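Have a look at the structure below before the remarks.
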Amino acid sequence: MRKRNYWLWVAAIGGYLFLYLPLVIVIVYSFNDSRLNAEWVGFTLDWYRRLFQDEAMLTAAGNSLFIGLVASLVSTVLGTMAGMAMHRRSTVLLSVLVLTPIAIPEILMGVSLLIFFVLLNFTLGLASVALAHIAFCIGFVAIVVRARLAGMDEALLEAARDCGASPAQAFRHVTLPLIMPGVVAGALMAFTLSIDDFVITFFTAGAGTVTLPLQIYSMIKIAVTPEVNAVSTLLMLLTLLLIVIASRLSPSMLRAQQE
Amino acid sequence: MRPGAGAPAREAQRNRWLVGGPPVAYLLVFFAAPALIMVLASFRIPGEFGGLAPLFDPAGEVNLTLEAYTRFFTDPVYAEVFLKSVLYALVTTLACLALGYPLAALIARSGKRHRDLLLLLVILPFWSNFLIRIYAWMILLGPQAALARTVNAIAASFGAGPVPLLFSPFAVLVCLVYVHLPFMVLPLYANLEKHDPALLDAARDLGAGGWQRFWRVTFPLSLPGVYAGAALVFIPALGIFAIPDILGGPDDTLIGNLIKQQFLETRDWPFGSVLSIVLTVAALALAALAAWVGRRGVGRGVRA
Amino acid sequence: MPGRPFLRALAVLAALACLPVHAADQLHLYNWNNYIAPETVKRFEATCKCEVVQTYYSDNEELLAKLAAGATGYDVLVPTSNAVEALIRGGQLKPLDKSKLPNIRNVDPAYLNTPFDPGNQYSVPYAMSTTIIGYNEEKIKELGLPTDTWAVIFDPKYLQKVKGRVTVLDSANELFAAALKYLGYSANDIDEKHWREAVDVIKKAKPYWAAFNASSYIKELTVGNIWLVHGYSNDIFQANQDAQAAGRKFHILQGIPKEGAVLAVDNMVIHKSAPRPDLALMFINFMLDGRNSAELTNLIGSGNPNLDARKYIKPELLKYPAIFPPKELQSKLEQLKDLTPAQRRLRSRLWTEIKAGR
């Protein structure tokens, strides 16, 4: 048994290395004294200084964070409901509605949502972007929650109800804690998808709305300067901090309950 | 105080509506309606200067045609690009599975204190911007970096010329795997986390070796997680365009790039819609096929 | 349930986000990124006592697609000539009130009164660039390659010396234009036979190219991984600046092919749904002033159609033929015309064939 754990550790460490090698470069290059993200020239804090004076970039980062939080929250709730519904009795409509946003090319979805919003005379802005993000995040959460529910012991649910619990109580005290790792995994994915989305955001953003990907991708043809590395590094740290604080405040939310 | 015979069924029905209703309603409004607009667009004619031509021409006739569909089905080049995309997506999914499974397993087996941290560490890199992560890979795979130099040194010792790592299918695949890895790890973790260690102990007591325990107990139980992860990697990977755009070679054009081109440079939205519809239907069909195969496989695994 | 007050606060914030932004005095400028100097924006904001809200696109087609789908709220756009043509013919622009644009007299008449906008009813020129050859001086000289002809990008006899070190733009319009020029035709040639000849030329050269790249080629050129590019004059100028700043031993130079090249003129236009056309006209007139116009050229090395700007532009920039083409060269530069849907479809089909590797 120790031997197998050894291989597991080696493979997993390899996986983490693969994940973090580029990230190390991202962070290190945020201190690079060169406009380009291509080669190490020298150390400087200039990019961080510039970032804190760059109102446009900071606003964009703030917008991305805000939309990310809203979108991941709403899509996690709706996605969990969808995942549960799919597990209990999956209809074709539900499966198609949940899976298709994942499959459909982003540019099609972006253009079609823009046309749709224009038809409804809906003012484009942060809200239109958030609504769009929620639409494509629901599917990811639903699939993870459904995978978590698959093979879950129905007997536990039955037992809860036989003891006189209402469906709401059974959900809150039995189902929810059991599926929590799936819900959390889904929420993390939804947040990741939202703060990094470009194509759909490009089409659904209003005339004054800039998110971080919009700001950054527009630099793609000139130079994606290390200021972007700086804002990414800070955004990562900030999000990590937020999650750590949130988990301290409500420890039961993040941890799966031990049976 | 048991309620009447019909009431539990009705209550269950009502609960299903309450649970399934809101997401379905949301998706019908903010996904299905817009998508249907574009499905209709696939039958329309491109606008003279872009966009779509008006639905009703000056004579009052409806401007609908199957032209875009016929063009797609009669031209083999699109099928070729599709197949290439499927191949790339498949390789990406398998690589993500191979790399992601140990990660997910490690996290699932860790103590409660470390588990959250390890999970966060998997997703943390992906809160930095996509573009600079790709640029970081361009640095790692560039001709002057350590990796390329090692590979070229080895190639030179065999008398072969320098091997381009950047602007090549290899670069595209490495980045595809990198970008999709968390979407394999997270669903797998969610599934592996609930595996009862007692089952493995029982297997060991019965004399099963390490590999056997994995293959006959853990893996079959994790299949729903595997399928979820595979779906969340394969399906998005099919439509990706940004990675081949930035570091692909001259031959690395995938269907996602073609679709983007139709909406932008070519301003042929109907044809872009056709390509998108075919891609979506193909992706859903493959997912349904995998799910069907999986349902049969799970049954067999559990019985063993 | 824990977190309920947090959820409520989030809901309120979300609701606030749905409220329309108070117009205040805002000019919505939809522009390329880094295509206006920050000082210029600040000076305009002080002049008009308004706020300039900038959003960006990185491709004309992105702009066109977004507007075609019905997006509104933008005041000033900065499309390239062929996109201006599409916007005018699509009825997307507001005519300019010339009485508010006295500074238009500063513009070089050679760039006014264009075929796609006679009389400048809708557009005024803003900045320009040419699509030419960029090269690593040291490496190319070492290999003895010419730098004044498209042959160095298309002819295998030259390409074999730089195999894997060449990139071309990932744009069907630009690459076809270069190939057509190489073959001796006009960049706006619409003869299908000539297009197929261009496809053959491209296919023969493709195996030697490292990539079709419009976004990261400048970086690779500056670092020295790529030695020869088909690219925009501004970008190549910038690459040299970056290379010198990074202390590299080589220079990156602009090579103007003798067969001719594409000239891209970006124009200021007002969208038909502009919320503040008054501010838009004020802005356009402001940017037509020589001093303001010159700041962009000094920043990124873009070409400038404004004669009044010459006295504010750094003298060394005036000497670059790719930025300020002399008369003999001007006749060989062509602006790209917009294509008809049928032509676009054919070009797209040929482009797919090229990129799918058949």
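Chains as they are written, first to last, in our numbering: chain A, 1 to 259; chain B, 1001 to 1304; chain C, 2001 to 2358.
All C-beta atoms, glycine included, are put in the ideal place defined by N, C-alpha and C.
Predicted model, so just to flag it, every value in this text is computed and none were measured.
In this structure the segment 1235-1253 of chain B does not touch the segment 1192-1202 of chain B; the number of beta carbon pairs closer than 8 Å is below three. As a beta-bridge residue in DSSP terms, F43 of chain A pairs with A:N32. By the beta-carbon neighbour count (other beta carbons within 10 angstroms, threshold 16), K1260 of chain B is buried. Going by beta carbons, V1233 of chain B and T1093 of chain B fall inside the 7 Å limit. For G2255 of chain C, there is no enclosing alpha helix (DSSP H); the residue is found in the beta strand (DSSP E) stretching over I2252 to G2255. The segment 2144-2154 of chain C makes no contact with the segment 2325-2332 of chain C; the number of CB pairs closer than 8 Å stays below 3. Burial state of Q2092 of chain C is buried, judged by a 10 Å Cβ sphere holding 16 or more other Cβ atoms. By the Cβ-count criterion, C1175 of chain B is buried, with 16 or more other Cβ atoms from all chains shown falling within 10 Å of its own Cβ. Sorting C:L2307, C:A2210, C:K2100 and C:D2059 by C-alpha distance to the C-alpha of V2107 of chain C places C:L2307 at the top. Here the alpha carbons of N2173 of chain C and V2269 of chain C stand approximately 22 Å from one another.
Under the Cβ distance rule, L2064 of chain C counts among the residues neighbouring chain B, one pair being separated by less than 7 Å. Note that the segment 2173-2186 of chain C touches the segment 2197-2211 of chain C; at least 3 beta-carbon pairs, one per stretch, sit closer than 8 Å. Chain-order list of chain C residues neighbouring M219 of chain A: N2033, N2034, Y2056 and S2058, by C-beta distance under 9 Å. Runs of the alpha helix (DSSP H) spanning 4 or more residues and lying entirely within the segment 1122-1201 of chain B occur at 1130-1141, 1146-1157 and 1169-1192, in chain order. Taken atom to atom, the span from the alpha-carbon of N5 of chain A to that of G1210 of chain B is near 9 Å.
Near chain A, meaning a CB-to-CB distance below 9 Å, the residues of the segment 2206-2229 of chain C are A2214, S2215, S2216, I2218, K2219, E2220, T2222, V2223, G2224 and N2225. Per DSSP, the unbroken beta strand (DSSP E) holding E2051 of chain C starts and ends at E2051 to Y2057. When the beta-carbon positions are compared, E2295 of chain C and T2047 of chain C stay at least 7 Å from each other. Distances from the alpha-carbon of V228 of chain A to those of A:L214, A:T239, A:L240 and A:L21 put A:L214 closest. Residue state for I2323 of chain C is assigned as coil, using DSSP reduced to three classes. Exclusion of the five residues before and after R1213 of chain B leaves L1200 and A1203 as the residues of its chain whose Cβ lies within less than 6 Å of its Cβ. Chain C places no beta carbon closer than 7 Å to that of F1056 of chain B, leaving this residue out of the contacts.
In the structure shown, L2077 of chain C adopts extended strand secondary structure according to DSSP, grouped into three states. Chain C has a Cβ within less than 7 Å of the Cβ of I222 of chain A. Listed along chain A, the residues sitting closer than 8 Å to A2245 of chain C by beta-carbon distance are S34 and R35. Not a single C-beta of chain C is nearer than 7 Å to the C-beta of E106 of chain A. Of the candidates B:V1024, B:D1205 and B:L1118, B:V1024 places its Cα closest to the Cα of F136 of chain A.
Contacts with chain B (Cβ-Cβ distance below 8 Å) from the segment 14-27 of chain A involve G14, G15, Y16, F18, L19, Y20, L21, P22, L23, I25 and V26, listed in chain order. Listed by position along chain B, the residues whose Cβ is nearer than 7 Å to that of T2131 of chain C form an empty set, because the closest Cβ is around 15 Å away. With its beta carbon at least 7 Å from every one in chain B, T2072 of chain C lies outside the interface. Boundaries of the alpha helix (DSSP H) harbouring G83 of chain A: E55 to R88, taken from the DSSP string. Taken in chain order, the whole beta strand (DSSP E) runs of length 3 or more contained in the segment 205-236 of chain A number zero. Going by DSSP, W2195 of chain C is part of the alpha helix (DSSP H) stretching over E2192 to A2205. Membership of D197 of chain A in any beta strand (DSSP E) is not indicated, and neither H nor E is assigned to it by DSSP. For D2242 of chain C, the enclosing alpha helix (DSSP H) begins and ends at S2233 to A2245.
The Cβ-Cβ distance between S30 of chain A and T204 of chain A does not fall below 7 Å.
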